[in-house]
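In what follows, a structure is listed as structure tokens, so that the remarks can point back to it.
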Amino acid sequence: MPATPSSALEGGAPRLLTLTTDFGLQDPYVGIMKSRIALRAPQLRVIDLTHAITPYYPEEAGYWLSCARGQFPAGTVHVAVVDPGVGSERALALLGSAGQWFLAPDNGLLGLLAAADPDAMSYRLEADALAALGIAAHSSTFHGRDILAPLGAELASGRVRPEQLGTPHPVLPGCLAWARPEGEALRGQIAVIDRYGNALTTISAQQVSQCTNPAVQLAGQTLRLVRTYAEAAKGECVALVNSQSMLELAQRQGSAAQALKLRPTQPVYLLYAHPPLDRVEREPK
Amino acid sequence: MPATPSSALEGGAPRLLTLTTDFGLQDPYVGIMKSRIALRAPQLRVIDLTHAITPYYPEEAGYWLSCARGQFPAGTVHVAVVDPGVGSERALALLGSAGQWFLAPDNGLLGLLAAADPDAMSYRLEADALAALGIAAHSSTFHGRDILAPLGAELASGRVRPEQLGTPHPVLPGCLAWARPEGEALRGQIAVIDRYGNALTTISAQQVSQCTNPAVQLAGQTLRLVRTYAEAAKGECVALVNSQSMLELAQRQGSAAQALKLRPTQPVYLLYAHPPLDRVEREPK
Amino acid sequence: MPATPSSALEGGAPRLLTLTTDFGLQDPYVGIMKSRIALRAPQLRVIDLTHAITPYYPEEAGYWLSCARGQFPAGTVHVAVVDPGVGSERALALLGSAGQWFLAPDNGLLGLLAAADPDAMSYRLEADALAALGIAAHSSTFHGRDILAPLGAELASGRVRPEQLGTPHPVLPGCLAWARPEGEALRGQIAVIDRYGNALTTISAQQVSQCTNPAVQLAGQTLRLVRTYAEAAKGECVALVNSQSMLELAQRQGSAAQALKLRPTQPVYLLYAHPPLDRVEREPK
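Those protein sequence lines, which keep their order, are chains A, B and C.
With numbering that gives the first Met the number 0, the residue at position 39 of the first sequence is 38, and numbering never jumps.
With numbering that gives the first Met the number 0, the residue at position 88 of the second sequence is 87, and numbering never jumps.
With numbering that gives the first Met the number 0, the residue at position 29 of the third sequence is 28, and numbering never jumps.
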């Protein structure tokens with residue numbers, strides 16, 4: 000999992016709040032959340048991480064937050080809304096880790112973040128505690144606007160303490176897990192297919208660095224590990240450590256996801272030691 | 000029409016200005032408008048509502064603003080630019096309603112907002128008054144940058160009063176109207192098809208709540224009213240009150256717009272009383 | 000080339016930094032750059048110009064910056080990241096022109112900006128100088144995050160002087176050039192195809208105004224010059240000066256790029272004097 004070298008903001012600097020949703024940018028829902036935030040914490044700086052999370056796949060938001068958190072200072076509040084169960088009995092959760100706060104539905108979204116930090120604290124939000132802050136669900140389908148946006152603003156501005164908001168409670172794990180040993184390999188998963196068709200995995204740079212002669216195996220294929228795209232032949236599918244310090248599968252001048260028929264959550268194996276593999280030229284599909 | 004529970008900003012808080020356009024995000028036009036705003040009011044907070052309004056359909060911007068205004072504090076300035084007639088003789092207008100200001104071409108965009116508030120004040124902007132502020136059209140095609148952005152900044156910063164900018168003048172009504180009684184029904188319209196294929200109408204939650212046993216009729220079909228998506232059968236098209244407090248037509252696990260061949264401005268009828276309708280399972284197209 | 004009527008910000012106003020990339024908005028990379036900026040300069044105002052630059056076409060970013068710079072105040076820092084050569088030996092460059100700063104890979108992106116201003120100063124960034132600011136490449140593929148974002152923040156906040164960052168060095172020219180005389184015509188190029196299929200050229204309004212009876216020629220076709228879209232017949236392809244004060248090729252109610260099979264970098268000729276051309280009605284393809 001990615002490291003978290005948090006830095007302090009300059010004295011008197013505005014706090015940061017990030018937004019990660021599956022709302023897209025066509026409709027005005029993101030702007031409406033920002034108004035709710037501005038009403039309660041006008042000095043807060045709001046940064047969009049992405050609003051293009053795959054609907055029904057909250058774990059994707061958690062994965063991106065795990066990658067990005069190292070770039071944000073202590074005190075940052077991250078609000079994530081991928082909420083297919085809104086209106087049902089799913090809870091809302093707050094996770095504190097390394098001085099940053101993560102607010103989201105408790106539907107697997109926070110699983111990777113919790114698993115990355117044994118010292119993380121998590122809380123299940125309680126309606127009574129929210130009501131004391133004047134926060135309540137005015138709709139059955141838009142808790143991002145009604146609850147998470149104003150609550151994120153309150154947290155970031157330091158006016159409430161997490162323990163006021165609910166009781167300690169572990170978060171749900173979700174369908175992604177950080178890579179773990181399994182026989183002669185580490186077993187990870189594909190977490191995200193990015194817009195270039197690269198597949199980002201749950202295997203970290205640190206885990207890769209502990210192998211002496213690693214190779215990557217998935218769905219009957221073996222890929223060699225390279226340091227940069229430029230080392231791959233045209234059309235070749237390879238594995239490399241990306242800018243997020245995670246293992247990524249890529250095809251030079253093509254889409255690895257198409258070439259290898261990859262899908263999120265699919266297992267990926269990092270073999271600890273493997274005979275060297277040849278560079279193979281082939282046409283991208 | 001949606002309610003407007005405006006709230007005051009904290010003392011000394013930055014004012015808000017929202018942007019709603021059909022510019023998209025591919026080209027840098029939105030960023031250029033933001034520079035013009037920052038030049039005149041650097042402390043102003045700018046919130047993007049949406050830049051994906053359907054070109055040639057300014058009423059869509061007015062509908063979203065009607066939905067969103069309740070989330071913004073008094074003093075907020077909303078700048079909307081959907082302007083197929085730029086360069087022609089169409090006027091620019093300013094509408095004040097419930098302590099918020101709306102700046103837009105007078106092409107129907109402001110019609111719903113004016114109709115929602117009998118106390119709204121509207122002005123037709125005059126070139127002389129703008130020139131006194133150093134604001135003039137430097138191009139015949141980008142009045143959003145040349146006029147509306149700097150004027151919005153001046154208004155939001157409180158340096159000009161609306162009555163300085165032009166003479167009182169009613170705004171043009173446009174092709175959408177809030178639902179009105181017509182025989183044994185309320186006659187509304189489809190205002191927006193969202194990215195999921197849901198159809199948002201001009202019938203408000205309040206109007207729905209005044210019916211004893213309502214049903215929705217359009218194009219020869221009758222839809223039952225449900226409280227949440229989960230009450231609908233798979234593939235069933237239903238009507239429900241959405242998070243914007245408006246009546247919406249939706250298909251469970253599908254696109255109501257496709258299934259029912261819906262288009263913006265099409266009439267929708269809310270029958271005041273109707274025999275109960277059965278839940279009907281069917282495959283989405 | 001567009002004029003640059005820079006204006007000063009109000010006293011004590013936050014400085015501006017713009018971002019122009021080919022990252023898109025699907026993945027969180029833009030948000031991660033903004034965090035790096037906020038860490039070093041929390042009061043800085045960040046404006047997105049566009050994140051939809053064509054990959055492998057850095058000159059497109061330079062063209063948009065040339066168009067937009069006139070709207071930004073002195074002191075603004077523009078960070079542009081279109082970086083197919085990241086990880087190779089390409090340098091990073093800083094260009095100062097008319098009181099604004101442009102930071103980008105030295106791959107042609109800055110060529111138009113340098114050519115527009117004979118007084119521009121440019122520097123090649125040096126790793127030692129960056130290291131003294133605590134700035135270094137932590138990845139081989141994301142110098143936007145690791146170097147350009149934090150460096151842009153330092154420059155905008157006035158804590159470093161450009162001459163501290165490297166040695167004077169001319170920037171690479173790239174594949175676009177401002178229009179120049181060639182026989183009985185000015186020879187320019189198509190720089191950008193916008194989302195409507197209009198083609199923006201490197202011929203400026205000022206150059207057009209110096210011709211007595213100009214026409215536009217490209218690929219065996221001659222287009223007449225009009226003042227507004229409305230003067231064109233339906234389906235007719237014409238040339239006009241656009242809101243960016245540049246010559247643009249457009250088809251009324253259609254896509255000039257499709258109708259004329261236009262592509263970026265293609266030459267376009269402005270004939271100084273030409274017999275008048277008739278308005279021609281035809282169906283858009």
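C-beta atoms are modelled at their ideal positions from N, C-alpha and C, and glycine is treated no differently.
Note that the structure is predicted; figures quoted are calculated from it, not measured.
Check the Cβ-Cβ distances between residue i and every residue of chain D, and say whether any is below 8 Å.
i: residue 13 of chain B; result: Here chain D cannot be found, since the structure's protein chains are A, B and C.
Skipping 5 residues on each side, what residues in its chain have a beta carbon closer than 6 Å to that of residue i?
i: residue 53 of chain C; result: 59
i: residue 20 of chain C; result: 50 and 80
i: residue 224 of chain A; result: 213 and 238
i: residue 14 of chain B; result: 43, 74 and 155
i: residue 262 of chain C; result: none
i: residue 17 of chain C; result: 46, 48 and 77
Which one of the options has the shortest CA to CA distance from residue i?
i: residue 37 of chain B; options: B:150, B:260, B:242 and B:110; result: B:150
i: residue 67 of chain B; options: B:223, B:101 and B:165; result: B:101
i: residue 238 of chain A; options: A:271, A:199 and A:260; result: A:199
i: residue 94 of chain B; options: B:86, B:105, B:84 and B:267; result: B:105
i: residue 266 of chain A; options: A:211, A:110, A:236 and A:191; result: A:191
i: residue 47 of chain C; options: C:30, C:55, C:195 and C:41; result: C:30
i: residue 160 of chain A; options: A:185, A:132 and A:171; result: A:132
i: residue 28 of chain A; options: A:144, A:236, A:83 and A:165; result: A:144
i: residue 35 of chain A; options: A:257, A:137 and A:85; result: A:137
i: residue 39 of chain C; options: C:169, C:152 and C:74; result: C:152
i: residue 97 of chain C; options: C:211, C:69 and C:194; result: C:69
i: residue 273 of chain B; options: B:16, B:221, B:148 and B:165; result: B:221
i: residue 229 of chain B; options: A:209, A:158, A:87 and A:122; result: A:87
i: residue 90 of chain C; options: C:227, C:142, C:158 and C:22; result: C:142
What residues match up with residue i in a beta bridge as DSSP calls it?
i: residue 122 of chain C; result: C:93 and C:167
i: residue 81 of chain B; result: Answer is none; residue 81 of chain B lacks a bridge partner.
i: residue 15 of chain C; result: C:44
i: residue 49 of chain A; result: A:19
i: residue 153 of chain A; result: Paired residues: none, contrary to the question.
i: residue 268 of chain A; result: A:186 and A:216
i: residue 179 of chain C; result: C:186
i: residue 76 of chain A; result: A:16 and A:100
For chain B, find out if any of its Cβ atoms is closer than 8 Å to the Cβ of residue i; answer yes or no.
i: residue 241 of chain C; result: yes
i: residue 27 of chain A; result: yes
i: residue 82 of chain C; result: no
i: residue 342 of chain A; result: Missing from the structure shown is residue 342 of chain A; chain A here goes from 0 to 284 and no further.
i: residue 23 of chain A; result: yes
i: residue 67 of chain C; result: yes
i: residue 265 of chain C; result: no
Nearest chain A C-beta to residue i closer than 8 Å, yes or no?
i: residue 194 of chain B; result: yes
i: residue 278 of chain B; result: no
i: residue 101 of chain C; result: no
i: residue 53 of chain C; result: no
i: residue 19 of chain C; result: no
i: residue 251 of chain B; result: no
i: residue 104 of chain B; result: no
i: residue 42 of chain B; result: no
i: residue 70 of chain B; result: yes
Give me, in chain order, the residues of the same chain whose beta-carbon lies closer than 7 Å to that of residue i; leave out the 5 immediate sequence neighbours on both sides.
i: residue 197 of chain C; result: 247, 248, 249 and 255
i: residue 107 of chain B; result: 57, 58, 171, 172, 173 and 174
i: residue 276 of chain B; result: 214, 221 and 223
Using a C-beta cutoff of 8 Å, does residue i count as contacting chain C?
i: residue 202 of chain A; result: no
i: residue 177 of chain A; result: no
i: residue 275 of chain A; result: no
i: residue 1 of chain A; result: Confidence at residue 1 of chain A is low in this model, with a pLDDT of 41, below 50, so its placement is unreliable and no value can be given for it.
i: residue 37 of chain B; result: yes
Leaving out five residues on either side along the sequence, give the residues of the same chain with a beta carbon under 8 Å from the beta carbon of residue i.
i: residue 135 of chain A; result: 126, 129, 145 and 146
i: residue 268 of chain B; result: 181, 184, 185, 186, 187, 215, 216 and 217
i: residue 211 of chain B; result: 271 and 272
i: residue 114 of chain C; result: 0, 172, 176 and 177
i: residue 169 of chain C; result: 113 and 121
i: residue 71 of chain C; result: 5, 15, 17, 77 and 99
At which residue ranges does the segment 183-253 of chain B contain complete beta strand (DSSP E) runs of 3 or more residues, listed in the order of the chain?
The qualifying runs are 184-192, 198-203, 214-217, 220-223, 236-240 and 245-250.
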